[in-house]
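Residue numbers (UniProt numbering): 1 to 95. Glycine residues also receive a C-beta, built at the ideal position from the N, C-alpha and C atoms. Notes for the one structure printed next.
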Amino acid sequence: MSDEKQTLRLYVTNNTEKHTRLMAELGAVLEQYYPGHYQFEMIDVLKEMDRAIAADVYATPTLVKDLPAPARQVLVNLAETRKTLVLIGLIEEEE
Numbered sequence: 001m002s003d004e005k006q007t008l009r010l011y012v013t014n015n016t017e018k019h020t021r022l023m024a025e026l027g028a029v030l031e032q033y034y035p036g037h038y039q040f041e042m043i044d045v046l047k048e049m050d051r052a053i054a055a056d057v058y059a060t061p062t063l064v065k066d067l068p069a070p071a072r073q074v075l076v077n078l079a080e081t082r083k084t085l086v087l088i089g090l091i092e093e094e095e
């Protein structure tokens, strides 16, 4: 576990039950691996389109990790939360 704060944003279109569940799953993993060392928010691109454009997010749901560097962006597969976290560099792939 790194002592650096993990900073993530989940961009969605409409805050649906699926997105709320995904947010809870990702939050649980963050708490497990980085207890107290993360900031995580969900952004509805229909309400805050300017933030999505500024972050170069053009599809949803997209997970963006800003810190620690390097920044990464992954289009989320709602059925594969663990794979998403591996791709964005938050956890290591299990063998």
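Per-residue burial, residue i [other beta carbons within 10 Å of its own, 16 or more giving buried]
i          : result
residue 26 : buried
residue 88 : buried
residue 1  : Bear in mind that a pLDDT of 49 at residue 1, under 50, signals an unreliable position, so the number given afterwards is only what the model happens to contain. Exposed: under 16 other Cβ atoms inside 10 Å.
residue 70 : exposed
residue 62 : buried
Inter-residue spacing [alpha-carbon to alpha-carbon] between residue i and residue j
i          : j          : result
residue 81 : residue 11 : 15 Å
residue 30 : residue 19 : 16 Å
residue 13 : residue 57 : 11 Å
residue 33 : residue 21 : 19 Å
residue 50 : residue 76 : 20 Å
residue 93 : residue 43 : 27 Å
residue 36 : residue 24 : 15 Å
residue 9  : residue 64 : 5 Å
Close-in-space but distant-in-sequence residues of the same chain around residue i (CB under 6 Å, 5 per side omitted)
i         : result
residue 7 : 39, 66, 67
Those residues which DSSP pairs with residue i across a bridge
i          : result
residue 74 : 63
residue 43 : 11
Beta-carbon proximity list for residue i, same chain, < 7 Å, skipping 5 on both sides
i          : result
residue 60 : 11, 12, 13, 45
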